[in-house]
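Visitor: Position one of the sequence shown corresponds to residue 305 (our numbering), numbered consecutively onward. Note that CB positions come from ideal geometry on N, CA and C, so glycine has one too. None of the values given here were measured: they were computed from a predicted structure. Mind looking over this structure? Questions follow.
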Amino acid sequence: MPEWLSSRRWSLRTRSEKRSRTPIEEKTGDITATPTPAKVQPEIQIPDTQAAVLLHAPKQPYQLTSDHPVPELLHENEILVRTRAIGLNPIDWKSPDFNFGIPVLPFLSGRELAGDVVRTNSKAGFDVGDRVVAISTDYRDQRKGAYQEYVVAPDYNVVRLPSHISYEEGSTVGVAFVAAALGLGVSMGVDFSQVAGGPDLFTLLRDIDESRIPADVRAESLAGIRNKERPKKGDWLAVWGGSSTSAHLTIQLAKLAGLRVVVMVDKAKHGLRISNHQSIRPDLLVDSHDPERAISIVKANTKGNLRFGLDTRGKETAEYLLRAISPESPLTKPGVDEDNLPTPPGTPSVDGHRSHLIGMSGLPKIAPGQEVLLHNVPIKLFHDVPEVGSALTSWLGRLLGEGIITLPDVLDVEKGFENINSGLDRMRRGEISGGKLVVKV
């Protein structure tokens with residue numbers, strides 16, 4: 305914490321303590337109640353305008369501006385965070401390149417950051433000066449985009465950053481953790497309650513009024529998997545594409561929950577790093593260079609007991625993974641109309657245990673079938689359902705504070721908002737793999 309902020313905080317606290325020495329007493333029967341005075345928050349001068357990086361048109365680079373309005377707090381549980389480091393994500397360059405996920409122009413992107421709380425509200429659970437990670441999955445709310453100096457975040461989407469973790473390290477973990485936790489916990493029904501007091505999201509969601517779950521993810525959230533199909537300790541999970549940050553967190557959370565993990569990855573590039581990494585070393589590491597051979601190895605080693613798969617790469621590898629987890633290939637023949645494919649999750653009509661495949665970067669083309677269900681991660685739950693958001697952020701805070709999980713590697717650090725475009729260009733060229741590129745601001 306800057307020295308000026310620390311001393312300012314001390315002086316305000318001292319004056320507050322002096323004012324509170326004479327208690328205000330309220331008698332109720334024989335009981336004397338002394339209310340605790342509200343904590344006085346240091347006041348930090350916030351400018352009216354700020355630096356921000358905006359997208360003005362698809363297929364164009366982002367543009368830096370110095371006079372973008374600082375966003376306002378609109379709800380009692382919101383805080384304002386001064387950005388210190390931004391984690392770059394593939395969606396940040398894919399969105400403008402392929403013209404999707406852009407609700408308005410100019411668009412303010414960025415999904416995760418680390419920084420300092422500079423303004424808070426009475427009901428928000430953070431104080432001015434707290435070091436935090438803010439996870440912005442709500443891309444439609446421009447106040448929450450990470451590509452600006454000051455970012456608004458609801459307190460249930462914010463994690464306290466332990467003192468031993470730098471801003472740069474903290475900016476690597478948010479979106480990948482949320483995607484991994486929701487994919488495993490909601491779409492696959494993994495119970496994390498024995499892992500540092502983590503959530504059982506399957507049960508949590510069924511205790512919430514159904515109308516509060518967004519309609520477009522309600523089926524995935526409540527009907528994606530049946531209770532008897534949920535994985536148990538010792539069950540297999542296959543991850544295709546083990547070098548991504550989402551895989552980095554998925555593997556760790558799955559192992560902590562007691563699952564056995566098989567990872568398909570380019571062993572020439574990432575095999576040594578993954579096999580030597582204590583936190584993400586899988587039970588079985590398979591070279592993905594020859595997909596047909598990889599499928600055969602996975603089937604032989606899991607002996608028909610593999611029912612859960614998660615793909616981080618795209619539609620093609622998701623199809624390979626589908627064949628690995630399914631006794632019969634339900635892949636479509638060429639020419640099948642994609643518009644008539646089943647929308648995940650499919651409607652259950654059999655009593656047996658089905659296979660489940662999560663596609664983080666696209667789903668395979670399959671013909672209608674009931675032996676396998678396809679899933680999209682219901683990411684909207686994190687920012688639309690406070691109970692889910694707070695369960696995940698409080699859990700992540702414990703996992704980080706106790707050193708239970710390891711963060712993705714910071715591969716390099718760009719300096720300043722003006723270098724966001726150069727960082728995204730490096731990602732476009734495939735130069736960033738097996739870790740995270742961060743921008744320090």
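Can you list, in chain order, the residues of its chain whose CB lies under 7 Å from that of K448, leaving out five sequence neighbours each side?
Guide: Here the set comprises S440, D442, V455, V456 and A457.
Visitor: Please check the pair L526 and L509, which I expect to be a contact at CB under 8 Å, by giving their CB distance rounded to whole angstroms.
Guide: Sure, about 6 Å apart at Cβ, within 8 Å.
Visitor: What is the DSSP secondary structure of T332, counted as helix, strand or coil?
Guide: At T332, the pLDDT of 38 sits below 50, so the modelled position is not reliable and the matter cannot be decided from this model.
Visitor: How is L417 classed by DSSP in three states: helix, strand or coil?
Guide: Strand.
Visitor: Fully enclosed by the stretch 499–551, which alpha helix (DSSP H) runs are 4 residues long or longer?
Guide: For the stretch 499–551, whole alpha helix (DSSP H) runs of length 4 or above, ordered along the chain, are 505–510 and 519–527.
Visitor: Using a Cβ-Cβ cutoff of less than 7 Å, which residues in the same chain neighbour I746 once the five nearest sequence positions on both sides are dropped?
Guide: The requested residue 746 does not occur in the structure, where the chain is confined to residues 305 to 745.
Visitor: Leaving out five residues before and five after T651 in sequence, what residues of the same chain have Cβ atoms less than 6 Å from its Cβ?
Guide: Per-residue confidence for T651 stands at a pLDDT of 42, beneath the threshold of 50, marking its modelled position as unreliable; no derived number is given.
Visitor: Mapping DSSP to helix, strand and coil, what is L704?
Guide: DSSP places L704 in helix when its eight states are reduced to three.
Visitor: Return yes when the Cβ of P466 is within less than 9 Å of the Cβ of G701, no when it is not.
Guide: Yes. Within cutoff.
Visitor: Within 10 Å of its beta-carbon, does K536 have 16 or more other beta-carbons around it, so buried, or fewer, so exposed?
Guide: Exposed is the call here.
Visitor: Please state the DSSP three-state secondary structure of Y471.
Guide: The answer is helix: DSSP assigns Y471 an H, G or I state.
Visitor: Taking the alpha helix (DSSP H) that P373 belongs to, which residues open and close that run?
Guide: P373 -> not in any alpha helix (DSSP H); beta strand (DSSP E) instead, spanning Q367 to P373.
Visitor: Run the CB neighbour count on H552, radius 10 Å, all protein chains shown included, and call it buried at 16 or more, exposed below.
Guide: So H552 ends up on the buried side.
Visitor: Which residue or residues does DSSP assign as beta-bridge partners of P346?
Guide: According to DSSP, which records beta bridges pairwise, P346 is partnered with nothing at all.
Visitor: When the Cα atoms are used, what is the spatial distance from G727 to E718?
Guide: Their Cα atoms are separated by approximately 7 Å.
Visitor: Can you have a look at G545 and say buried or exposed, based on whether 16 or more other CB atoms are within 10 angstroms of its CB?
Guide: By the 10 Å Cβ count, G545 comes out buried.
Visitor: For E706, does the count of other Cβ atoms within 10 angstroms reach 16, so buried, or fall short, so exposed?
Guide: Exposed, since its Cβ has fewer than 16 Cβ neighbours within 10 Å.
Visitor: Please look up how many angstroms separate the CB atoms of V374 and I350, rounded, as I've assumed it's under 8 Å.
Guide: Yes, V374 and I350 are in contact; Cβ-Cβ is about 6 Å, under 8 Å.
Visitor: If we count the other Cβ atoms within 10 Å of its Cβ and call it buried at 16 or more, is G419 buried or exposed?
Guide: It is buried - the Cβ of G419 has at least 16 other Cβ atoms within 10 Å.
Visitor: Looking at C-beta atoms only, is the number of pairs between the stretch 610–624 and the stretch 580–590 that lie closer than 8 Å three or more?
Guide: No: fewer than three Cβ pairs fall under 8 Å.
Visitor: Where does S694 sit, in a helix, a strand or coil, going by DSSP?
Guide: Reduced to three states, the DSSP call for S694 is helix.
Visitor: Identify, in the order they occur along the chain, each residue of the same chain with its Cβ nearer than 6 Å to the Cβ of D334, setting aside the five sequence neighbours on each side.
Guide: Because D334 sits at a pLDDT of 43, beneath the cut-off of 50, its placement in the model cannot be relied upon, and the point is left open.
Visitor: Along the alpha helix (DSSP H) that carries R730, what are the first and last residues, could you check?
Guide: Here the alpha helix (DSSP H) through R730 covers I724 to R732.
Visitor: May I ask you to list the residues that DSSP assigns as paired with P458?
Guide: According to DSSP, which records beta bridges pairwise, P458 is partnered with E382.
Visitor: Which term fits T353, buried or exposed, when burial requires 16 or more other beta carbons within 10 angstroms of its beta carbon?
Guide: So T353 counts as exposed.
Visitor: Thinking C-alpha only, which one of K559, L359 and T507 is nearest P400?
Guide: Per the Cα distances, L359.
Visitor: Which residues does DSSP pair with K719 in a beta bridge?
Guide: In the DSSP output, where bridge partners are listed per residue, K719 has K744.
Visitor: What residue from L696, V692, W699 and K744 has the CA that sits closest to R516's CA?
Guide: Here the closest residue by C-alpha is V692.
Visitor: May I have the straight-line CA-CA distance separating E330 from E533, to the nearest angstrom?
Guide: Its pLDDT being 38, under 50, E330 is placed unreliably by the model, and the measurement read from it follows with that caveat. In a straight line, the C-alpha of E330 is about 56 Å away from that of E533.
Visitor: Could you check whether V565 and L541 sit closer than 9 Å to each other, using their CB atoms as the reference points?
Guide: For L541 and V565, yes; Cβs fall inside 9 Å.
Visitor: Checking 9 Å against the spacing of the C-beta atoms, do K740 and L704 come in under that value?
Guide: Contact flag unset, no.
Visitor: Using a threshold of 9 Å, state whether the C-beta atoms of L610 and S659 are closer than that.
Guide: Yes, they are a contact pair.
Visitor: Looking only at its chain, what residues have a beta carbon closer than 7 Å to the beta carbon of L625, apart from the 5 residues adjacent to it on each side?
Guide: Taken in chain order, the residues that qualify are A542, W544, G613, D615 and L661.
Visitor: With 16 as the cutoff for other CB atoms within 10 Å, does T507 come out buried or exposed?
Guide: Exposed.
Visitor: Confirm, please, whether the CB-CB distance from V521 to K684 is below 9 Å.
Guide: Contact: yes.
Visitor: What is the DSSP secondary structure of F481, reduced to helix, strand or coil?
Guide: Correct three-state label for F481: helix.
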